[in-house]
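Each residue of the sequence shown is one higher than the one before, counting from 2 in the numbering used here.
Structure, as structure tokens:
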Amino acid sequence: MLAQLGRVVLLPAVAVLVWAAEPQIMPAGDAAVWVERETYVMGTRLRATVAGDDAAAAVAAIEQVFTAVRIVDARLSTWRDDTELSRLNRAPVGVPQRLSPSLFALLREVRRWRDTTGGAFDPAIGALVDAWDLRGVGRRPGPADLVRARRAGGMERLPLDEIGRSARRTAAAAWIDAGAFGKGAALREARRVLDSAGVRAALLNFGGQVLAVGTGRDGTAWRIPVAHPSRRGLPAAFLRLREQSAATTAQSERFVEVDGVRYGHVLDPRTGLPVPAWGSVTVVAEDPLAADILSTALFVLGPDSGMEWLEHRPGIAALFLIERDGAVTYRWTQAMEHYAVGVKASEN
Ligand code: ADP
Ligand code: MG
2 MLAQLGRVVL LPAVAVLVWA AEPQIMPAGD AAVWVERETY VMGTRLRATV
52 AGDDAAAAVA AIEQVFTAVR IVDARLSTWR DDTELSRLNR APVGVPQRLS
102 PSLFALLREV RRWRDTTGGA FDPAIGALVD AWDLRGVGRR PGPADLVRAR
152 RAGGMERLPL DEIGRSARRT AAAAWIDAGA FGKGAALREA RRVLDSAGVR
202 AALLNFGGQV LAVGTGRDGT AWRIPVAHPS RRGLPAAFLR LREQSAATTA
252 QSERFVEVDG VRYGHVLDPR TGLPVPAWGS VTVVAEDPLA ADILSTALFV
302 LGPDSGMEWL EHRPGIAALF LIERDGAVTY RWTQAMEHYA VGVKASEN
């Protein structure tokens with residue numbers, strides 16, 4: 002019996018945070034040990050909980066995950082100047098920039114999502130991010146500035162050339178913000194790493210986006226809380242995940258305040274305006290990139306247009322939490338019923 006009990010091994014991550022908790026004895030299914038570590042990357046926390054046959058194997062798998070995510074960050078970050086995406090973002094207007102196969106493939110995929118979502122998701126919103134000064138103290142742009150920023154936005158301002166494997170900026174203010182797809186792209190790489198390391202059970206929590214592999218410590222599907230849209234510490238629902246990723250977009254976590262008005266970090270590329278804080282949307286998908294992108298797209302569309310858009314895409318698992326006058330209403334797609342527990346019966 003004892004042989005089947007796992008241990009949580011707590012080791013300080015090289016770079017940063019120690020997961021502060023007492024080691025606990027927990028059942029760990031077939032695995033001998035669970036190891037949990039945290040690091041800080043892409044401007045947020047990445048927590049990895051991995052089961053292994055022994056501690057060294059689990060630690061090695063976690064190190065590989067952290068390295069893979071850092072490599073994606075070194076390609077996609079727009080908070081540093083030395084990444085491939087930043088170089089493209091600063092490239093002279095009109096001059097094609099040859100891209101690495103992986104960045105080119107990712108941008109092509111991202112452009113397809115832009116088309117599928119009717120432009121609700123469009124990461125080429127850099128000019129609008131600047132106009133609203135979302136990375137600074139915030140600013141309400143005047144009507145002329147807004148028109149200019151909208152004109153400089155959109156993936157069509159950054160045409161991709163298949164033959165030359167290049168991208169070209171066509172407006173001086175145009176740049177791509179990886180905020181709504183970088184974490185998803187990184188988690189996709191992380192899963193590849195976990196697969197090739199032979200990890201059968203793991204949970205990655207990357208700034209709120211989760212990737213589940215196998216089962217949790219109790220041998221059943223991972224139980225993931227979905228936060229209340231404005232009281233983030235409070236779970237409003239739970240998901241049961243085995244091999245999926247769950248991403249949530251809300252307007253309550255990151256915003257700027259101008260003259261007492263809060264402007265959230267999610268913009269509607271079609272109007273150039275920040276999306277009002279109506280609640281949150283969670284998407285569960287096998288592909289972490291799809292989950293990340295779709296949660297942003299559906300947040301922009303909002304529950305009504307979002308549910309309408311989802312009607313034509315029955316495979317997508319989405320849960321909307323709509324907050325009005327302090328009360329939360331739930332709406333979800335049928336595909337979400339596989340995963341969501343504790344969703345209070347209301348409308349759907
Ligand atoms: P979080 O980073 O909190 O997980 P999201 O995944 O929804 O949130 O991404 C929001 C980020 O994506 C913003 O901070 C901004 O960088 C970028 N962004 C904002 N609006 C859009 C949009 N309509 N399409 C694509 N990217 C967006
Ligand atoms: Mg997202």
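No residue lacks a Cβ here, since even glycine has one placed at the ideal position from N, Cα and C.
- Only residues of its own chain outside the window of five on either side were considered, and among them V282, V284, G307, A319 have a CB closer than 7 Å to the CB of L299, listed in chain order.
- Note on Y331: 16 or more other CB atoms within 10 angstroms of its CB, so buried under the neighbour-count rule.
- Note on E37: 16 or more other CB atoms within 10 angstroms of its CB, so buried under the neighbour-count rule.
- Taking 4 residues as the shortest admissible run, the region 166-227 contains the following complete alpha helix (DSSP H) segments, listed from N- to C-terminal end: 183-197.
- If you look at L100, you'll find it isn't in any alpha helix (DSSP H); DSSP assigns it neither H nor E.
- Of the residues assessed, Y41 falls on the exposed side of the cut-off, its CB having fewer than 16 other CB atoms within 10 angstroms.
- Across the set T79, A203, R158, R91, the C-alpha of T79 shows the shortest separation from the C-alpha of A181.
- Residue pairing by DSSP places T330 opposite I323 in a beta bridge.
- For A292, the CB contacts under 8 Å within the same chain, skipping 5 residues up- and downstream, are G185, Q210, Q245, S246, A247, A248, V284, V285, A286 in chain order.
- Between the ligand MG and S101, a heavy atom-to-CB distance of less than 6 Å is absent.
- Contact fails between the region 45-56 and the region 132-141, because fewer than three Cβ pairs, one in each stretch, are under 8 Å apart.
- Using a Cβ-Cβ distance cut-off of 8 Å, the region 102-118 and the region 159-176 are in contact, since at least three pairs of beta carbons, one from each stretch, lie closer than that value.
- Apart from sequence neighbours up to five positions away, the residues of its chain that approach Q335 with a beta-carbon distance below 8 Å are P315, ordered along the chain.
- In this structure, A181 has its beta carbon less than 6 Å from a heavy atom of the ligand MG.
- With at least 16 other beta carbons inside 10 angstroms of its own, L242 counts as buried.
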